[in-house]
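Engineer: In the numbering used here, the protein residues as written are 1 to 525.
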Ligand code: NAP
């Protein structure tokens with residue numbers, strides 16, 4: 001089954017259409033949809049001219065869909081029904097491979113008679129019968145699908161609805177999975193955008209890509225460039241394994257860029273998605289339940305970040321899955337690995353925390369030591385938030401003597417008590433006695449790059465200084481540390497190392513650290 005990566009041409013006039021078709025073809029479009037309802041002063045002649053022009057530019061190998069969308073189903077300009085039918089029948093007779101007609105209109109006898117008469121004269125054209133719900137999921141998605149096929153068994157049903165949450169997408173996946181003929185099922189909105197990427201994985205006939213962010217014809221469309229360069233859409237097939245980052249918000253995450261580049265680099269047939277899971281524990285639990293209930297989706301693993309790291313651990317605990325002991329002590333999981341199991345009862349998710357492992361790996365590589373060398377090492381950790389907790393767990397587990405410094409002293413005391421460390425307010429940083437200093441606060445992060453959490457005159461040449469801030473890579477703290485001759489380790493090293501550890505857990509293979517670092521540097525906002 002082919003899935004066509006289709007670009008809607010939403011031009012106001014023939015010149016604009018010419019320009020859009022050229023860009024779509026240059027970007028690798030596999031099909032074009034001529035949205036004639038966007039053309040100003042639409043006539044059958046104008047639509048024909050745009051059609052001939054698109055056919056000439058695209059060549060015979062790129063099929064065309066002609067659509068003249070009714071305003072009530074998302075059309076751009078409110079043209080009379082008689083004109084819309086004339087445009088569609090002319091497109092059929094000109095040899096358009098597909099015409100898209102609203103199912104709600106097709107059930108009207110006169111509309112139907114004229115479209116069917118044109119299709120009889122031009123049997124090479126196929127009918128797409130589309131139905132949209134811009135408010136939310138259909139009441140009965142499968143029922144609507146069957147209804148379309150009952151009315152016209154040869155048509156391609158197209159069902160498109162607004163997903164208000166990522167969990168609304170699973171019904172669309174089920175229908176694509178079960179359907180044995182051509183069909184198109186897509187979810188609109190940011191929460192639905194994964195349905196556009198997964199259409200090819202699940203065998204939908206068409207998925208739509210916008211030319212750029214501004215040119216989308218439906219909310220949540222993914223750009224052609226993103227399909228090709230980020231998701232490697234050309235390589236997706238029915239066997240592609242799925243990975244993703246669970247977060248809210250997720251748009252800023254660098255993980256899809258990093259992991260997709262490394263999957264392609266290692267020749268692994270996988271795609272890594274941004275998974276916007278809005279809400280809290282209940283919504284996360286429902287999402288993971290949906291995943292476990294559908295082994296055919298073949299989700300292999302997830303990165304987890306704000307705000308779901310704690311709930312992810314709770315989910316795995318409740319389901320009796322494996323929890324890495326340090327993830328349990330930290331109280332947060334940033335990595336979930338799906339064990340498919342032989343039966344549905346055995347299907348489980350395992351929880352890990354690669355933040356601590358990534359940090360320790362970054363430090364040992366930067367200092368040229370092994371984890372055994374942490375034993376007895378005096379370490380100053382600045383900050384007492386989530387990242388500090390992961391680092392303190394890892395460092396104390398390796399035997400380091402940690403002192404925690406924090407603005408809010410009570411938080412330092414609480415963390416120190418949990419892991420048997422010393423603690424202090426930030427004023428303690430003016431007389432530091434540490435071999436390793438770690439900044440786990442946001443001080444020094446873009447845009448406030450002129451700040452450092454540690455007084456410059458506390459830094460010495462026999463120290464190593466690790467800053468978890470990764471934007472900028474070289475913070476004021478690291479510049480000042482370098483100036484006194486101390487060893488420095490930047491936050492990108494931690495970011496890359498935690499992603500390397502995740503990649504190993506997901507795929508049992510090693511990713512290329514230089515590629516990862518370059519992708520982080522190229523994509524940092
Ligand atoms: P968090 O839980 O919100 O903790 C923030 C910490 O920073 C707290 O200790 C807080 O002190 C302190 N802090 C914030 N602003 C401060 C200020 N103006 N003066 C003094 N202390 C201040 O955040 P987190 O998740 O631990 O993340 C901390 C940092 O880690 C991030 O900002 C980021 O730069 C870095 N990070 C790096 C990576 C990586 O891969 N390299 C990944 C994630 C995060 P109080 O307790 O007094 O509020």
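Glycine residues also receive a C-beta, built at the ideal position from the N, C-alpha and C atoms. It should be emphasised that the depicted structure is a prediction, and the values quoted were computed from it without experimental measurement.
Tell whether a beta-carbon distance below 7 Å holds between residue 506 and residue 287.
Structural biologist: no
Engineer: Which residues in the same chain have their Cβ closer than 6 Å to the Cβ of residue 583, if we skip the five residues on either side of it in sequence?
Structural biologist: Residue 583 lies beyond the stretch modelled for the chain, which goes from 1 to 525, so this question has no answer here.
Engineer: Compute the minimum distance between the beta carbon of residue 424 and the heavy atoms of the ligand NAP, and state whether it is under 6 Å.
Structural biologist: No; taking the cut-off as 6 Å, the Cβ of residue 424 has no heavy atom of the ligand NAP nearer than that.
Engineer: Excluding the 5 residues flanking residue 231 on each side, which residues of the same chain have their C-beta closer than 6 Å to its C-beta?
Structural biologist: Taken in chain order, the residues that qualify are 197 and 271.
Engineer: Would you mind stating whether residue 210 and residue 226 have Cβ atoms separated by less than 7 Å?
Structural biologist: no
Engineer: Find out if the Cβ-Cβ distance for the pair residue 156, residue 90 is shorter than 7 Å.
Structural biologist: no
Engineer: In terms of DSSP beta bridges, what is residue 193 paired with?
Structural biologist: DSSP output for residue 193 lists no bridge partner at all.
Engineer: Report the rounded CA-to-CA distance for residue 202 versus residue 241, giving the unit in angstroms.
Structural biologist: For residue 202 and residue 241, the distance between alpha carbons rounds to 11 Å.
Engineer: Is residue 106 close to the ligand NAP? I mean its beta-carbon at under 6 Å from any heavy atom of the ligand.
Structural biologist: Checking the Cβ of residue 106 against the ligand NAP gives no.
Engineer: With 16 as the cutoff for other CB atoms within 10 Å, does residue 137 come out buried or exposed?
Structural biologist: So residue 137 ends up on the buried side.
Engineer: Spatial neighbours of residue 446 within its chain, please: CB distance less than 7 Å, with the 5 preceding and 5 following residues excluded, ordered by chain position.
Structural biologist: Cβ neighbours of residue 446 beyond the five flanking positions: 471 and 472.
Engineer: I believe residue 160 touches residue 186 by the beta-carbon criterion, under 8 Å. Please report the beta-carbon distance rounded to the nearest angstrom.
Structural biologist: 5 Å
Engineer: To which residues of the same chain is residue 434 closer than 8 Å at the C-beta, ignoring the five residues directly before and after it?
Structural biologist: 378, 379, 380, 403 and 463
Engineer: Are the CB atoms of residue 130 and residue 174 nearer to each other than 7 Å?
Structural biologist: no
Engineer: I'd like the span of the alpha helix (DSSP H) that includes residue 290, first residue to last.
Structural biologist: Residue 290 -> alpha helix (DSSP H) spans 281-293.
Engineer: From the DSSP output, which residues share a beta bridge with residue 162?
Structural biologist: As a beta-bridge residue in DSSP terms, residue 162 pairs with 188.
Engineer: Just curious, the alpha helix (DSSP H) that residue 144 is in, first and last residue?
Structural biologist: Note, residue 144: alpha helix (DSSP H), 141-151.
Engineer: Give every residue of the same chain whose Cβ lies closer than 7 Å to the Cβ of residue 461, excluding the five residues on either side of it in the sequence, and list them in chain order.
Structural biologist: 484, 485 and 486
Engineer: For residue 492, does the three-state DSSP call read helix, strand or coil?
Structural biologist: helix
Engineer: Classify residue 408: buried if its beta carbon has 16 or more other beta carbons within 10 angstroms, exposed otherwise.
Structural biologist: exposed
Engineer: Give the DSSP-derived three-state secondary structure of residue 239 in the structure shown.
Structural biologist: coil
Engineer: Buried or exposed for residue 480, please, with buried defined as at least 16 other CB atoms from any protein chain shown within 10 angstroms of its CB.
Structural biologist: buried
Engineer: Mind checking whether residue 376 and residue 441 have CB atoms under 7 Å apart?
Structural biologist: no
Engineer: From residue 301 to residue 353, what distance separates their C-alpha atoms?
Structural biologist: Computed Cα separation, rounded: 13 Å.
Engineer: Using CA coordinates, which residue listed in 109, 429, 48 and 59 is at the minimum distance from residue 92?
Structural biologist: 48
Engineer: Below 8 Å CB to CB, which residues in the same chain sit around residue 62 once its five sequence neighbours on both sides are set aside?
Structural biologist: 25, 29, 30, 31 and 32
Engineer: Taking 6 Å as the cut-off, does the CB of residue 304 come closer than this to any heavy atom belonging to the ligand NAP?
Structural biologist: no
Engineer: In three-state terms, what does DSSP make of residue 390?
Structural biologist: Collapsing the DSSP output to three states places residue 390 in a helix.
Engineer: Under a three-way DSSP split, which group does residue 308 fall into?
Structural biologist: It is coil, neither helix nor strand.
Engineer: Based on Cα-Cα distance, which residue from 57, 15, 21 and 27 lies nearest to residue 40?
Structural biologist: Residue 15 is the option with its Cα nearest to residue 40.
Engineer: Using a 10 Å radius around the Cβ and a threshold of 16 neighbouring Cβ atoms, would you call residue 12 buried or exposed?
Structural biologist: Counting Cβ neighbours within 10 Å, residue 12 comes out exposed, since fewer than 16 surround it.
Engineer: Here's a check: name, in chain order, each residue in its chain whose Cβ is nearer than 6 Å to the Cβ of residue 75, leaving out the five neighbours to either side.
Structural biologist: Only 37 and 69 meet the Cβ criterion.
Engineer: What's the call for residue 509, buried or exposed, on a 16-neighbour Cβ count within 10 Å?
Structural biologist: exposed
Engineer: For residue 173, report the span of its alpha helix (DSSP H) as first-last.
Structural biologist: 169-178
Engineer: Just to confirm the assignment: which complete beta strand (DSSP E) runs, minimum length 3, are found wholly within the region 345-430?
Structural biologist: Taken in chain order, the unbroken stretches of beta strand (DSSP E) that lie wholly in the region 345-430 and span 3 residues or more are 348-352, 378-382, 401-405 and 422-424.
Engineer: Of the residues 109, 406, 23 and 94, which one's Cα is nearest the Cα of residue 123?
Structural biologist: 94
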